[in-house]
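Numbering (the numbering used here), first residue to last: 11 to 293.
Here you go:
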């Protein structure tokens, strides 16, 4: 059984479930991609120890956080993240975002005072990639697939089969928590809302991208394509690299598919520790 203490914090009128660990003056706040909650980062957090303070949380509507109606847009997710950061009031902040979470942390970081000392983007969504200009058909297909999964999620043995790759990638207690919270009808309903927020918001995000982060930037890019990203994998990597170049960031390859936090947690943790100025831990 995963036994990690957590707390409830209310920001922007939304009750969020937050888990904090570690020590030190540097706070590392993690933002998951669509379809994932705080547990995505378990393999990374376990490798950071007490070198930094870590904060993971469930977005509104996901896991143990309160539901909101209507569901949040990408811009609202970013505003909620910024409000959470203001409530935590860290002295030194590093933001880590995976996939769509990269969009959220970049938008949230724009107006933070003080600015984050760094941002780690883990296989992030590159909004400038040209195929996002016409994403409607892909979004509709994805939603149809998720609708079927939502119906099947009433039967946990079926979901164990459908999500078996997560069971192989994550610690057993983390995976069991995902089955209880994320791979349920309610969890997949939230995933559908998050993908819809992305599909409806990516155009405006492309037209008005966030200002470049003022601190250090590391982009970690998955070398191997998964089924969802196979068609556009090379383009995604190219635009991830272009973003890293544009902000004078560091670009790293990860020997992984898209779920880099599970497959290459040491690499993500090392990027965080270098940024924080903390010694890397032997694992």
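We put the beta carbon where it would ideally sit given N, CA and C, even for glycine.
Just so you know, these numbers come straight off a predicted model, no measurement behind them.
Review point. According to DSSP, which residues form a beta bridge with residue 108?
Key: 132
Exercise for review: Tell me whether residue 273 sits in a helix, a strand or coil according to DSSP, three-state version.
Suggested key: helix
**Study point:** Touch test, the segment 133-141 against the segment 101-112, Cβ-Cβ under 8 Å, three pairs minimum
**Key:** yes
Check your understanding: Less than 8 Å separating the beta-carbons of residue 12 and residue 89?
Key -> no
Exercise for review: Answer yes or no: do residue 256 and residue 222 have a C-beta to C-beta separation smaller than 8 Å?
Suggested key: yes
Review point. Of all the alpha helix (DSSP H) runs that stay within the bounds of the segment 122-175, which reach a length of 4 or more residues?
Key: 146-162, 166-172
**Study point:** CA nearest to the CA of residue 225, picked from 95, 128, 187, 196
**Key:** 128
Review point. Cα separation between residue 55 and residue 125?
Key: 22 Å
**Study point:** Nearest to residue 48 (by Cα), restricted to the options 95, 107, 261, 215
**Key:** 107
**Study point:** Residue from 272, 267, 250 with nearest C-alpha to residue 234
**Key:** 267
**Study point:** For residue 170 and residue 121, the rounded distance between their alpha carbons
**Key:** 41 Å
**Study point:** Nonlocal neighbours in the same chain, by C-beta distance under 8 Å from residue 168, ignoring five residues either side
**Key:** 162
**Study point:** Alpha-carbon to alpha-carbon, residue 278 and residue 184
**Key:** 18 Å
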